[in-house]
Structures are given as C-alpha cells and as structure tokens.
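Going by our numbering, the sequence shown opens with residue 4, and the numbers climb by one from there. Note that CB positions come from ideal geometry on N, CA and C, so glycine has one too.
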Amino acid sequence: MQKKEYIQKMFASISRRYDYLNHTLSLGRDRSWRRFAVAKLPEGLILDVCSGTGDVAIEVSGRNHAVASDFCREMLQLCARKIQQTGNGNILCVQSDAENLCFKDGSFSGAIAAFGIRNVADIKKALCEMRRVVKKGGRVIVLEFSQPENRLFRRIYYLYFKKVLPLIGGVISKKEGAYSYLPSSVMTFPERGEFVKLMKESGMERIEFYDLTAGIVTVYVGIK
Ligand SMILES: C[S@@+](CC[C@H](N)C(=O)[O-])C[C@H]1O[C@@H](n2cnc3c(N)ncnc32)[C@H](O)[C@@H]1O
C-alpha cells in the first residue's frame, strides 16, 4: 500500500476518536498551539490544508473566512458536522489532496497546515502547492511536532511520547498502529533547519520559526 492510501485509511479509521485523543494526549495544549499559529495569519481568505476535523479553520473563522481542505472524507464529514453545530457560516469544506490542491493560483491571503504536512508523501510538493495558492505577500504557516532541544526534557518527553502515548492512543482508538505511527513520523520529520531549507526551496522568503512548549511543536512562517 502506498503512503498516501495508508494515511487516508488510517485517519478514516480513527476519525471518530481523533478530537478526543488530540485534546487528551496533548493535555489540552493543542488548542493553544493552533491559536498561536492562527494568530500569525493575515486578514483575508485563509486555506486550512490537511484540516482534518477543522479545528484550525474554526479558529480562523472567528475573524476571517476559511476553506477547510483534506483528502480524507471521514475527517471532513466530522469537520462539516462541527461547523454546522457551531452555526458557523464562514467555512467551506473541500476535499482536496495537499500535493495537488484544487484551487487557482493566488486565491488566498494565507495557507496553514497544522499537524498535517508530516503525513504528506512529498512535503516539498505540498509546500509548493501552499505557496502557489496564496497571493504575493501572503503567508504560509506550518504547525508541526518537533524534537525538544533540552536533553533532560527530551528524555522525559520521549518516554511519554514513544511509550505511554501509543499505549493510551491504541486502547482508546482501538487502532494500535495509528498511535505508534505518530512518534515514528515525528522522528523522521525534518529538523527545524532542514524544514526551513525546504520552505526556502519551495519559494518562501523571510522564514521565521517559533518553538512552543519547550520545543514539542514548532510554528513556521514564510512569505510568498
Ligand atoms: C494529524 S491530522 C491534523 C488535522 C488538523 N489539522 C488538526 O490540527 O488537528 C492530519 C490530517 O492530514 C490529512 N492529510 C494527510 N495527508 C494529506 C494529503 N496528502 N492531502 C490532504 N490531506 C492530507 C489527514 O487526512 C488528516 O486529516
């Protein structure tokens, strides 16, 4: 099975437990991480790539219109349901592959991917697509897991991330593989410097990054 198909099926299989596990396993930190990343977006129409159940798009919709896009129908259906429940009319859901976005060049003021780009088979292709669909001067933002730099903290964190988290995630989602995939995908994800290089190679300028919660996650900001 190709990575793309594997990822699509995996997220479909954990979709109903995704939000609950997200909030529980991050000890509620995920909301503030998304809020920080969203605050870096400009005014105007925003594309949330790999939107999943839509938490970023919903956060954006407090002040801007947003399009939530993902290639997994089951995740997007939950996103649509959440939007309906909140009575939020500012968000449109569109099924689309991050590596081949179905939007015209320069359609958005900003594009953001939270905890999504790590799962994409060709990261550079997805970054180039995010850049393509934003206007000149627009922003591309990526929120992704990182490896903490402090050695002592990293040891404690890895114990939780590599041992405890897959166990709890596996039991609650009843999909053992999905939550072992999480730490392994983070370990193979490019380090900060490498990722900045990838963003540069994808055409972004003035790239900045911000470590949050002792470097568990990093927010990258690039300008087209
Ligand atoms: C870990 S979830 C993140 C969801 C959401 N952004 C959040 O902050 O919780 C990753 C999402 O990326 C989506 N995804 C992975 N690869 C993708 C691709 N190539 N194109 C579109 N969506 C993709 C998955 O379907 C899944 O919904």
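Q. Under 6 Å from any heavy atom of ligand 1, does the C-beta of D125 make it?
A. no
Q. Got a sec: does ligand 1 put a non-hydrogen atom nearer than 6 Å to the Cβ of M78?
A. yes
Q. For the alpha helix (DSSP H) that E77 lies in, which residues bound it at each end?
A. R76 to T89
Q) Between which two residues does the alpha helix (DSSP H) carrying R142 extend? A) Careful: R142 lies outside any alpha helix (DSSP H), inside the beta strand (DSSP E) at V137 to F148.
Q | Stretch-stretch touch, CB-based, cutoff 8 Å, three pairs: the region 14 to 27 with the region 169 to 179 | A | yes
Q.
Considering only the alpha carbon of each residue, which of V174, L185 and I219 lies closest to R195?
A. I219
Q. What are the start and end residues of the beta strand (DSSP E) that includes R209?
A. E208 to L215
Q: Would you give the residue range spanned by the alpha helix (DSSP H) that G172 belongs to?
A: L168 to S176
Q | Length of the line joining the Cα atoms of M133 and E211 | A | 17 Å
Q | Assumed close pair E147, I120 - CB separation to whole angstroms, cut-off 8 Å | A | 6 Å
Q) Do you know offhand how far G172's Cα is from R20's? A) 9 Å
Q.
For a quick check, are the C-beta atoms of V97 and S72 less than 7 Å apart?
A. yes
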